[in-house]
Structure formats: structure tokens, C-alpha cells
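Asks: Residue numbers for the sequence shown follow my numbering, beginning at 342 and rising by one.
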Amino acid sequence: MSMRAVETWLTDMDGVLVHEDVPIPGAKDFLDALKESGLQFMVLTNNSIFTPRDLRARLLRGGIDVPEEAIWTSALATAQFLHEQRPGGTAYVVGEAGLTTALHDIGYVMTDRDPDYVVLGETRTYSFEAITRAIRLIDAGARFIATNPDPSGPSQHGKLPATGSVAALISTATGRSPYFVGKPNPLMMRSALNKLNAHSETTVMIGDRMDTDIISGLEAGLRTILVTTGSTAPEQVETFPYRPTRVFDSVADVLELVRGTV
């Protein structure tokens with residue numbers, strides 16, 4: 342790739358490294374090459390359900406070994422954002438362990454009594470009671486934060502409503518829009534770079550979605566690679582008003598870039 346040498350690699354998880362729990366061919370070789378090269382890397386995901394430990398175990402089942410500290414979720418990015426905005430605050434959380442653990446770890450108190458924030462994350466068991474409570478707390482003055490705007494997610498049985506869809510429901514009821522921390526907000530990329538003490542000019546982002554991975558990488562000043570093993574098909578690339586730096590069939594084709602042979 343042109344310009345300055347690549348020192349850091351960021352990569353999306355679902356659609357780039359795995360489909361659900363099934364590894365994408367070449368993903369293990371790609372990560373092994375990164376480890377051998379000594380280059381910094383981090384796996385990013387908008388999924389806020391799981392902790393990095395959970396996600397590491399999920400990847401390990403498919404033979405992909407990623408250290409916990411090399412996994413950055415929208416839940417972790419959200420927790421970091423709130424810690425910087427309002428240290429030691431309070432939140433009413435609609436989400437699962439990935440989000441509640443991240444907020445506990447920064448010293449936040451979970452409460453439904455006059456919280457500073459309502460924080461919405463992804464969960465497979467959205468409760469009408471919890472959503473109603475969130476609406477009433479936002480009406481009472483709580484600030485509305487959501488981990489990511491993804492409207493749906495995959496499952497073995499088909500599409501599931503995700504954080505963006507539930508956020509739209511709450512927004513319609515309250516007239517208040519959330520601040521989304523995860524992709525395509527470039528803040529997610531910036532927080533990952535800061536964690537690695539890396540620079541945008543020497544970092545590449547690999548993703549499978551033009552409307553999240555690629556645009557957030559572009560807006561964060563990174564070079565971007567689209568792989569077509571996930572959401573964005575090759576024929577769709579030209580329909581967007583922006584382009585990735587490179588387009589490859591899969592992460593297996595990125596291997597030679599890591600090894601510096603192309």
C-alpha cells in the first residue's frame with residue numbers, strides 16, 4: 342500500500358474473520374502473520390453483548406487465537422467515552438454482560454433512580470419493561486447513549502433486531518436521539534488507536550461494510566480495505582460516494598500485504 346509503512350492493523354470481526362462462529366478461510370493465517378510480524382493489531386466489533394474474554398473464547402472455538410487485550414468492543418468504547426465525559430457517573434443500562442462489565446470497570450453505578458445516562462446496548466432478550474423504564478428516565482432528563490446504530494444482526498434463524506432498531510423505538514417515544522459511540526462513529530477508531538498508542542497515518546482498517554467499517558476508518562484518517570466476505574457485495578462498492586483504499590475478495594488476500602510481499 343502507498344504512503345507511510347503500515348505499523349498497525351485494525352480489523353472488524355464478523356464478516357471479516359468469522360461468520361457467526363465459523364472462521365472465514367485465511368483468517369487464522371492472517372492473524373498468525375500479524376503476530377509473527379510484531380505489528381500492533383486490534384479486532385473491533387460493534388457487538389456489545391460479550392466481554393473480550395467471551396469473544397476470545399468464541400474465536401478460539403474456531404481455532405483463531407486473539408488475546409483479550411487485542412479485542413475492542415463498542416461497549417468498551419462507550420465506557421471509555423462516558424469515563425472521559427463524566428467520571429464516576431451513574432447509568433440505567435439496557436444490555437448484557439459486555440456492557441455492564443465495561444461500565445462497572447470504569448466505576449459507574451448502575452441505577453434506575455435519576456441516572457446521568459440511559460445506555461442502550463445489544464441484547465437478545467429486550468424487555469418491554471426495561472425499554473419503558475428507559476423512555477421514562479430519558480423524559481425525566483437522563484442523557485441517551487447507545488453503543489452502536491446497527492439496526493439488525495444475524496442469527497442462525499435469520500435477522501434479529503439490534504441496538505439501532507430499539508434506539509429508534511425509544512427515540513420515537515421520547516423525541517430524543519441517542520449519541521452512538523460505535524461504528525460508523527470514527528470515535529470508535531480513535532479510541533482503539535489511543536489504546537494502542539498508534540497513529541492514523543500508519544494504520545489500516547479492514548472491514549466488510551462500506552457504511553460502517555469503511556466510512557469510520559476513512560473519517561478517522563486511516564487507509565481502508567474492504568473484503569467482500571460480509572455485508573457489502575463487490576457490485577455495491579461503486580454505489581457509495583466514497584471508496585476504500587483497496588478491495589479484496591477476503592482477508593486471505595490481505596496476507597501478502599502483512600508479509601510485505603506486495
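Glycine included, C-beta positions come from ideal geometry on N, C-alpha and C.
#1: Looking only at its chain, what residues have a beta carbon closer than 7 Å to the beta carbon of F469, apart from the 5 residues adjacent to it on each side?
#2: Closest to G430 by C-alpha separation, out of E437, G436, F422, would be which residue?
#3: I'd like the span of the alpha helix (DSSP H) that includes T553, first residue to last.
#4: Nearest to N489 by alpha carbon, out of L478, R474, E463?
#5: Contact between the segment 395-407 and the segment 362-373: three or more CB pairs below 8 Å?
#6: To which residues of the same chain is N526 closer than 7 Å at the C-beta, ignoring the five residues directly before and after it?
#7: Tell me where the beta strand (DSSP E) around F589 begins and ends.
#8: Which residue's Cα is closest to the Cα of V319: K500, L567, T452, D552?
#9: Once DSSP output is grouped into helix, strand and coil, what is the label at F581?
#10: Ignoring anything shorter than 4 residues, give me the alpha helix (DSSP H) runs that lie fully in the segment 496-536, in order along the chain.
#11: Taking all protein chains shown into account, do 16 or more other C-beta atoms lie within 10 angstroms of the C-beta of N538, making it buried, or fewer, making it exposed?
#12: Here's a check: name, in chain order, each residue in its chain whose Cβ is nearer than 7 Å to the Cβ of S506, leaving out the five neighbours to either side.
#13: When the Cβ atoms of the segment 568-575 are set against those of the segment 345-364, are three or more pairs found closer than 8 Å?
#14: Give me the DSSP bridge partner(s) of S493.
#15: Determine the burial state of T553: buried for a count of at least 16 other Cβ atoms within 10 Å of its Cβ, exposed for fewer.
#16: Quick one: is N535 buried, meaning 16 or more other Cβ sit within 10 Å of its Cβ, or exposed?
#17: According to DSSP, is R564 part of a helix, a strand, or is it coil?
Replies: Straight from the coordinates:
#1: none
#2: F422
#3: Taken as a continuous stretch (DSSP letters only), T553 belongs to no alpha helix (DSSP H), as it is neither H nor E.
#4: E463
#5: yes
#6: S557
#7: 587-589
#8: Shown here, the chain extends from 342 to 603; a query on residue 319 therefore has no answer.
#9: coil
#10: 504-515, all fully within the segment 496-536.
#11: exposed
#12: P492, S493
#13: yes
#14: Looking at the DSSP output, S493 sits in a beta bridge with P502.
#15: buried
#16: exposed
#17: DSSP, reduced to helix, strand and coil, places R564 within a strand of the structure shown.
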